[in-house]
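Numbering (this note's numbering), first residue to last: 5 to 246. Only one structure is covered here, and it is reproduced in the block below.
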């Protein structure tokens, strides 16, 4: 009972912290727009911060509305080749994915990925996140033939650039294992899940959402019954802030 009560108290504190973050972001955005004008860089950044706060709180409809505005405003004010414009598009695509709008996410990423790679760099964290998001979108729509090669490349890239214990590598390995499992390739999936179960507790805080996702893949079935048919993007990091 004590453990349950403490867990509930922790959850309540987290919810209150998210509400405070939203209120602060709302006030900041209003202040910057009033004092500096809606097109000032601080006002644009303030809208992005508010969108992220809404997303963290699970208020996805409000988050998407602000991400849409942020992406349109940066393109209009800063131009299509500005780094912030390209990054805004990536955040919007990932928000679509988390909101279960996989088709919108896939269409946006397929259209914009060459530009993101050109402006931000093919090995930049935002672009690596966008490629993984594209693979997650494909997997969510049942397109495993497209998803699996992207997940394999994603894991290779994260291991090459970030090391085996980085969040990106853990997420890529988890996603690749899930895609192999969906394709019936359990002999390849299980070692990936086992590696993550061993590595994740040393790399992530106890309350990190990815750690909870990884621990779903427990013996004997590594989450096959529990997760098959579920949305694989129930948690996905913001590639610009993770």
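Where is the CB? At the ideal position from N, CA and C, for every residue including glycine.
Query raised in the report: Can you name the start and end residues of the alpha helix (DSSP H) that residue 161 belongs to?
Result: Translated into positions along the chain shown, residue 161 becomes position 157. Membership of residue 161 in the alpha helix (DSSP H) is indicated by the continuous run 148-166.
**Report entry** Coil, strand or helix - residue 145 by DSSP
**Finding:** The sequence position of residue 145 within the chain shown is 141, counting from 1. Coil at residue 145, not helix or strand.
Query raised in the report: Is it buried or exposed for residue 50, if we count other Cβ within 10 angstroms and need 16 for buried?
Result: Numbered from 1 along the chain shown, position 46 holds the residue referred to as residue 50. Here residue 50 is buried. Its C-beta has 16 or more other C-beta atoms within 10 Å.
Query raised in the report: For residue 170, which of helix, strand or coil comes out of DSSP?
Result: As a position in the chain shown, residue 170 is number 166, starting the count at 1. Three-state DSSP puts residue 170 in coil, outside helix and strand.
Report task. Inspect the beta-carbon positions of residue 48 and residue 103 and report whether they are closer than 7 Å. Result -> For the purposes of this step, residue 48 is taken as residue 44 along the chain shown, with counting starting at 1. For the purposes of this step, residue 103 is taken as residue 99 along the chain shown, with counting starting at 1. Cβ atoms of residue 48 and residue 103: not closer than 7 Å.
Query raised in the report: What are the start and end residues of the alpha helix (DSSP H) that includes residue 77?
Result: Position 73 of the chain shown, counted from the start, is the residue given in the question as residue 77. Per DSSP, residue 77 belongs to the alpha helix (DSSP H) from 64-82.
**Report entry** Exposure label - residue 88; buried when at least 16 CB within 10 Å
**Finding:** Indexing the chain shown from 1 puts residue 88 at position 84. Around the CB of residue 88, 16 or more other CB atoms lie within 10 Å, so the residue is classed as buried.
Report task. Could you tell me which of 181, 18 and 57 sits nearest to residue 32, measuring between CA atoms? Result -> Along the chain shown, read from residue 1 onward, the residue named residue 32 stands at position 28. Ranked by Cα distance from residue 32, the first of 181, 18 and 57 is 57.
**Report entry** Alpha-carbon to alpha-carbon, residue 153 and residue 184
**Finding:** Numbered from 1 along the chain shown, position 180 holds the residue referred to as residue 184. Numbered from 1 along the chain shown, position 149 holds the residue referred to as residue 153. In a straight line, the C-alpha of residue 184 is about 11 Å away from that of residue 153.
Query raised in the report: Given residue 112, which residues of its chain have a CB within under 6 Å of its CB, disregarding the five upstream and five downstream residues?
Result: Taking the chain shown and counting its residues from 1, the one referred to as residue 112 is at position 108. Once the five neighbours on either side are set aside, the close Cβ partners of residue 112 are 97.
Requested in this report: List the endpoints of the continuous alpha helix (DSSP H) containing residue 199.
Outcome: Residue mapping note: residue 199 aligns to position 195 of the chain shown, counting from 1. Unbroken alpha helix (DSSP H) run through residue 199: 190-207.
Requested in this report: Return the Cβ separation of residue 101 and residue 131 in integer angstroms, given the expectation that the two are a contact with Cβ distance under 8 Å.
Outcome: Residue mapping note: residue 101 aligns to position 97 of the chain shown, counting from 1. Residue mapping note: residue 131 aligns to position 127 of the chain shown, counting from 1. With a contact defined as Cβ atoms closer than 8 Å, residue 101 and residue 131 miss out at about 15 Å.
Query - Proximity below 7 Å, CB of residue 70 to CB of residue 82 - result: What you label residue 70 is simply residue 66 of the chain shown in a count that begins at 1. What you label residue 82 is simply residue 78 of the chain shown in a count that begins at 1. Going by C-beta atoms, residue 70 is not nearer than 7 Å to residue 82.
Requested in this report: Mind checking which residues open and close the alpha helix (DSSP H) that includes residue 93?
Outcome: Here the question's residue 93 lines up with position 89 in the chain shown. Run containing residue 93: 87-102, per the alpha helix (DSSP H) assignment.
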